[in-house]
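Take a look at the structure set out below.
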Amino acid sequence: MKALILALRELQEVDRQRIEAERERRSITERVEQIQQMAAELQRELADKHEKLKEAERWYHERERELKEDNEKIKRAQARLNQLTKAKEYAAVQREIEFLRRSNAQKEEEILKLLTVMDEFKAAVAEEEKKLDEMHRELEAERAATALRVQELDERLARLESDHREFERDIPGPVLSRYRRIQQAWQGTAVVPVNSRGSCGGCHRQIPPQMYNILLKQNSLESCPYCNRFVFVDVTEQDNAANG
Ligand SMILES: [Zn+2]
16 MKALILALRE LQEVDRQRIE AERERRSITE RVEQIQQMAA ELQRELADKH EKLKEAERWY
76 HERERELKED NEKIKRAQAR LNQLTKAKEY AAVQREIEFL RRSNAQKEEE ILKLLTVMDE
136 FKAAVAEEEK KLDEMHRELE AERAATALRV QELDERLARL ESDHREFERD IPGPVLSRYR
196 RIQQAWQGTA VVPVNSRGSC GGCHRQIPPQ MYNILLKQNS LESCPYCNRF VFVDVTEQDN
256 AANG
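Going by the numbering used here, the first residue of the sequence shown is number 16, and it counts up by one from there.
Written out as structure tokens, the structure is:
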């Protein structure tokens with residue numbers, strides 16, 4: 016029975032290492048996925064901003080073209096003005112020129128405002144592009160490091176699996192399936208020590224004194240009446256004293 020408890024404890028140690036390795040594998044893989052998602056999100060936002068910038072540029076060229084056309088109109092009107100002799104016609108063309116000048120001044124102001132906004136926007140986009148580049152570099156480094164670590168962990172997991180099979184051989188089927196059930200129910204801890212004050216190392220409740228005495232003898236496989244985990248009393252020190 017002592018050997019069986021020992022085998023169960025060894026099996027549990029293998030499971031503990033397996034759970035730890037699996038957790039690390041999951042967490043580093045998820046981290047890479049997170050950075051990847053963040054980079055993709057930033058890339059989408061940047062594409063959106065580039066589209067807006069293009070739109071603004073189109074608007075800018077349109078206004079500039081209108082401005083040019085209106086300036087031509089003013090030139091033509093001025094040429095006409097020199098040929099006019101009737102005061103009424105002269106005044107009408109002069110009003111037209113005045114109107115065009117005012118509207119051109121307004122357009123110029125709008126264009127200047129837009130150029131300022133576009134410059135600021137371009138600077139912000141350039142800044143974000145730099146950030147995206149950094150993120151891509153970080154992603155590549157993280158991906159490479161993670162791939163290496165995942166390989167190590169996979170090798171470790173394979174070793175643990177073969178260790179597991181080896182320890183399983185020493186454990187009778189029904190005990191093994193009970194171990195598995197408890198191990199899964201308690202997320203890894205299925206075999207726990209009872210301390211010298213008689214409390215269960217899993218649920219920390221007090222084990223009945225008669226059970227504690229049975230555990231000291233190490234002749235049977237017992238479980239905690241409250242949490243059902245396999246329990247044992249660590250008598251290594253007493254063993255050492257006896258052997259020495
Ligand atoms: Zn317990």
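By construction, the Cβ of each residue, glycine as well, lies at the ideal position given by its N, Cα and C atoms.
| query | result |
| --- | --- |
| Rounded straight-line distance, which links the Cα of Leu175 to that of Asp30 | 8 Å |
| Cβ-heavy atom distance, Tyr194 to ligand 1, below 7 Å | no |
| Beta-carbon gap between Ala18 and Asp185 smaller than 8 Å | yes |
| Proximity below 8 Å, CB of Glu25 to CB of Phe182 | yes |
| Any non-hydrogen atom of ligand 1 within 7 Å of Gly217 CB | yes |
| Whole-number beta carbon distance between Leu154 and Ala71, since they are thought to touch under 8 Å | No, Ala71 and Leu154 are not in contact; Cβ-Cβ is about 31 Å, not under 8 Å. |
| Tyr14 to Ser42 span [Cα, whole Å] | Any answer about residue 14 is impossible in this case: the structure gives the chain only from 16 up to 259. |
| Backbone CA spacing between Gln225 and Leu231 [nearest angstrom] | 10 Å |
| Cut-off 7 Å between Cβ atoms - residues of its own chain near Glu237, not counting five sequence neighbours on either side | Met226, Ile229, Leu230, Val246 |
| Contact between the segment 143 to 150 and the segment 47 to 61 (3+ Cβ pairs under 8 Å) | yes |
| Burial state of Ala141, where buried means 16 or more other Cβ atoms lie within 10 Å | exposed |
| Whole-number beta carbon distance between Glu125 and Ile50, since they are thought to touch under 8 Å | About 42 Å; that fails the 8 Å criterion. |
| With 16 other Cβ atoms within 10 Å as the buried cut-off, status of Arg117 | exposed |
| Local conformation of Ala257 per DSSP, three classes | Confidence in Ala257 is poor, its pLDDT being 46 and thus under 50, which makes the residue's placement too unreliable to answer from. |
| Any non-hydrogen atom of ligand 1 closer than 7 Å to Arg212 Cβ | no |
| Boundaries (first-last residue) of the beta strand (DSSP E) holding Val207 | 206 to 208 |
| CA-to-CA distance, Ala205 to Ile20, given in whole angstroms | 11 Å |
| Sequence-distant residues of the same chain with beta carbon closer than 6 Å to Leu172, five excluded per side | Ala36 |
| For Leu68, the nearest candidate out of Lys101, Thr131, Arg38 (CA to CA) | Thr131 |
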